[in-house]
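Heads up, the thing below is written out as structure tokens.
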Amino acid sequence: MAMKQIELRLALVFYGGVSLAIYMHGVSREVLHLIRASADRSSRQRGEIKTGQSLRPLSHVETVYRELLDQLAQTIDIQVVGDAIAGASAGGVNGIMLARAIAHDLPLDDHRDLWLQNADVTRLTKPQNGVTRYLKSGAGPVLNRLVENHLKRQIEDPETREKLRYFMQARWFSPPFSGESYISWMLDACAGMDAHHREGATLIPRGQRLDLFVTLTDFYGRNRLIRIDDPAFIEERDHRKILNFHCQHRVPGVLQSRLGPEFVPDLVFAARATSSFPGAFAPATLDEMEEVLEDRNDLWPHRDAFVHEHLDLRNEDLERHAFVDGSVVMNKPFAPVVEAIKQRPAAREVARRLIYIDPVPSTEKRTEEEAKLPGFFRVILASLAHIPRNEPIGEELKDIERHNRKSRWLAQTIAAADPVVAAAVRKILPRSGRIKPADLTRYRAQANAEAHRQAGFAFLNYQSLKLHAMSERIAGLVCGLGGGRETDLHEDGVLSDISGRLAALAGIENTEAPSPDAELVTIFRSLDVDYRVRRLRFVIRRLNGYYRFEPPDGAKALDSDALDRLKGMLYEQIDHLTWRLDPAFYGPETRDLCAVYGLGVTHRAGKEHSFEKTDYSYSDLVAQLSQMMGLTDLDRLQDDLIATQAAKLLPEDLHADLMRAYVGFAFYDIVTFPLLQTNDFSEINQIRVDRISSHDPGTLSPEGVVLRGKDLNTFGAFFNRRWREHDYLWGRLNAADRLVRIVQSAAGAGALSEMQALHLRKKLLRAILEDERNHLHGSEALIEELLDELDPADTDDSESEANGPGAFQLT
1 MAMKQIELRL ALVFYGGVSL AIYMHGVSRE VLHLIRASAD RSSRQRGEIK
51 TGQSLRPLSH VETVYRELLD QLAQTIDIQV VGDAIAGASA GGVNGIMLAR
101 AIAHDLPLDD HRDLWLQNAD VTRLTKPQNG VTRYLKSGAG PVLNRLVENH
151 LKRQIEDPET REKLRYFMQA RWFSPPFSGE SYISWMLDAC AGMDAHHREG
201 ATLIPRGQRL DLFVTLTDFY GRNRLIRIDD PAFIEERDHR KILNFHCQHR
251 VPGVLQSRLG PEFVPDLVFA ARATSSFPGA FAPATLDEME EVLEDRNDLW
301 PHRDAFVHEH LDLRNEDLER HAFVDGSVVM NKPFAPVVEA IKQRPAAREV
351 ARRLIYIDPV PSTEKRTEEE AKLPGFFRVI LASLAHIPRN EPIGEELKDI
401 ERHNRKSRWL AQTIAAADPV VAAAVRKILP RSGRIKPADL TRYRAQANAE
451 AHRQAGFAFL NYQSLKLHAM SERIAGLVCG LGGGRETDLH EDGVLSDISG
501 RLAALAGIEN TEAPSPDAEL VTIFRSLDVD YRVRRLRFVI RRLNGYYRFE
551 PPDGAKALDS DALDRLKGML YEQIDHLTWR LDPAFYGPET RDLCAVYGLG
601 VTHRAGKEHS FEKTDYSYSD LVAQLSQMMG LTDLDRLQDD LIATQAAKLL
651 PEDLHADLMR AYVGFAFYDI VTFPLLQTND FSEINQIRVD RISSHDPGTL
701 SPEGVVLRGK DLNTFGAFFN RRWREHDYLW GRLNAADRLV RIVQSAAGAG
751 ALSEMQALHL RKKLLRAILE DERNHLHGSE ALIEELLDEL DPADTDDSES
801 EANGPGAFQL T
């Protein structure tokens, strides 16, 4: 039996929390270390280490993560992959930097300096006017009494006392923190990362994609047109903005990325805007960003595209637009991450984990002071910060559970359909002999027709859903290519026109049973990308089951590398298909046709436009898209892959099983597509949710840890270097503990003994503490105390048991 292989897919959600960003930075470093260790291991196994594209050498900490994966490999081969990252406010900054590091294999060392050195109130605060400070200096004794009476134990630290006095002498009723300085520090940190940039280097597996989501609050908002019954349209002001950046590893060494060096200004603006805490920073504006770049003599290569496509602003809107903290409208951005990972491909069997980083969960009971009726300033502060930051996540978790139920239903539905489909397909496929690709094409068409015939009245629902899905897909593509000024109304009109035309061809409005028009069949063959994607993902799902295949006695064991190669070919075909849904795939001729058609539809609906041409051509548009997509050519390539290439890589009985699944997919799709109504056919897996938090017990913190950054209304770490070091270090330690447990959970019971797991956790924690000895000069006592708790004598005992008879020997 081939070694069982699993992809552990990590999706991360970083909460907001002002100075708790420093704790989250520690967490993000450990996530990066685990993914790097796994990527290094996988690339070496596949012999993909190449000059110029090779990964950076592993650090001491990363080698311990590598040992964990090596030790598990005795029973299960695990590859750890980053799927999606979302962040708001301080979490958005960390999410951006982690996404860049994963996308291009970059270090986060310079961001440690950003947080530990620059995230200090004396550096964040704007330079003060000398006269103003002189006039306020007489308030020193008053400030001392205020600080001592209201902050109690925190003020015992002299550094914090002095910086609080300095901070409270800042200009009143003016944001004290400098957005310009903050931008410059982030640009410097990104430049430090990019000094290690190597073309083609990435931690994203081939054919896969990393998505980054960052929430912003558009202070003035944008008007959106929404169709209702009467009046026909209403306007709604929308303040929520979710920016999406991504990096896709299309083919080996070729990245389609918006996270690379040339997009740094876009990303830094997003980081500045999402963490623009109300009252602490002035709102983020494009003018501020451009002034900083000009002072530094830095360029903004994709400024116009970022402004128009990501921020959805036009030139006349720029001066009046400002952005404030993303946590005001969405502090816990679960929704975009869950939506993204539902359709993620995987090269192996999948274990999905959604990890949210909540440094200080709101679980404490209300104090006597908090139980009082809130006053004026407390109400304002709670509305701006506490309440948005502590919004419940119950609905998001319920959505994940609904997704998990679909996963279970899907597995049950496929299992129930297998015997019926197998019987039907056996009547179509020949009993023996190799099948030529051209014959396979014919057998697929026969199976499709038979599936539709056997479905009876259920086919009505299936066809209706397919028409709606394809209409939405084509309408979105047309609008993306044509680019109307009023995008919401434009897409609504285009969707209405396309869906109406397709419904007429299908005969859905007739009272009799529909008989699809030949033109409709042609359109499905020419434009239905999603059906092909579902079919290939279904085949990959079947392949995933072969890793557990046990050959008959005396037969050759299945080569897991052959399965990987075959799945790689299938994912290349999926990439070819999904590339057809990207506007970047098309040229100016197609864009012009889409603009003519889209504006024609809007003009016909009664909207005024300066564009005068009304003779738009739907048929010309369909013909152009059909020609450009070339789906029938891709069908022939896929038929050849299944008939010829798969036959070379699989044993005969498994190849026959795969052929039946491929040919019979139409039967499964009729049953499952109405259930799912998405393209995540074969990749829908249960999503387990994990939390990384200072409150959770760990190897070195059985009762959890009290973070200093939560003091002073979560600004605490900005007032004391030792507090920042404390929180950053515990972020690394908490994350390491949790990540080892997550990997162990994905491997399943029995993959590691408790003693082996404890030994590895202790070894990892010791490596982290030793790694930070030379950087955290204010935490030497804490580091020594924690190292003493990791007594070498204890680890020696555990190691002797972990490496006992029959155990894997650690390197």
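With the UniProt record's numbering as the guide, the letters of the sequence shown map in order to residues 1 to 811. C-beta atoms are modelled at their ideal positions from N, C-alpha and C, and glycine is treated no differently. None of these values were measured; they are calculated from a predicted model.
In the DSSP assignment, Phe14 falls within the beta strand (DSSP E) that extends over Gln5 to Phe14. Put simply, the backbone Cα of Leu467 is about 16 Å away from that of Val533. As a beta-bridge residue in DSSP terms, Glu349 pairs with Ile6. For Gly731, the enclosing alpha helix (DSSP H) covers residues Arg721 to Ala747.
Burial is judged here by how many other beta carbons sit within 10 angstroms of a residue's own beta carbon; Lys710 has at least 16 and is buried. Collapsing the DSSP output to three states places Phe549 in coil.
When the Cα atoms are used, Pro283 and Trp115 turn out to be separated by approximately 21 Å. For Ile642, no alpha helix (DSSP H) segment is defined, and its DSSP state is neither H nor E. Counted as a single uninterrupted DSSP element, the alpha helix (DSSP H) harbouring Ala562 occupies residues Ser560 to Trp579. Nearest in C-alpha terms to His775, of all of His726, Asp575 and Pro359, is His726. If you compare the alpha carbons of Ala119, Pro107 and Gly664 with that of Val420, the shortest gap goes to Gly664. For Lys466, the three-state secondary structure derived from DSSP is helix. Distance between Ala735 and Val706, taken at the CA atoms: about 15 Å. When DSSP states are grouped into helix, strand and coil, Leu593 belongs to the helix group. Around Asp737, the same chain offers Gly698, Thr699 and Arg761 as residues with beta carbons nearer than 7 Å, after the five sequence neighbours per side are excluded.
The three-state reading of DSSP puts Asn118 in helix, counting H, G and I together. The DSSP assignment places complete alpha helix (DSSP H) segments of no fewer than 4 residues inside the stretch 23 to 72 at 60 to 72, in order along the chain.
Out of Thr578, Val601, Leu460 and Gln454, the CA that lies nearest to the CA of Asp492 is found in Val601.
A distance below 7 Å separates the beta carbons of Gly326 and Thr217. By the neighbour-count criterion, in which a residue is buried when 16 or more other Cβ atoms sit within 10 angstroms of its Cβ, Val254 is exposed. Here Arg41 is near Arg66, since their CB atoms are less than 7 Å apart. Note that the C-beta distance between Thr714 and Gly17 is below 7 Å. The stretch 267 to 281 makes no contact with the stretch 102 to 120; the number of CB pairs closer than 8 Å stays below 3. Note that the C-beta distance between Ala469 and Leu495 is not below 7 Å.
The secondary-structure analysis by DSSP pairs Leu267 with nothing; it has no beta-bridge partner. Its chain contains Leu566 and Met569 as the residues whose beta carbon lies nearer than 8 Å to that of Gln645, once the 5 sequence neighbours on both sides are disregarded; these appear in chain order. A contact is defined here as three or more CB-CB pairs under 8 Å, and the stretch 350 to 357 fails this definition with respect to the stretch 240 to 256. When Asn94, Pro231 and Ser275 are compared, the shortest CA-CA separation from Gly179 is found for Ser275.
Between the stretch 89 to 106 and the stretch 178 to 198 there are three or more inter-stretch CB-CB distances shorter than 8 Å, so the stretches are counted as touching. Annotation: the continuous beta strand (DSSP E) that includes Leu255 extends over Val254 to Ser257. Contact between Leu631 and Arg525 holds, since their C-beta atoms are separated by about 7 Å, short of 8 Å.
In the three-state reduction of the DSSP assignment, His246 falls in the strand class, which pools E and B. For Ile96, the uninterrupted alpha helix (DSSP H) segment begins and ends at Ala90 to His104. Lys241 sits in a strand when the DSSP states are folded into three classes.
The beta carbon of Asp620 sits closer than 7 Å to those of Leu593, all from its chain and outside the five residues before and after it, given in chain order.
With a beta-carbon spacing of about 4 Å, Gly731 and Tyr23 fall inside the 8 Å limit used to define contacts.
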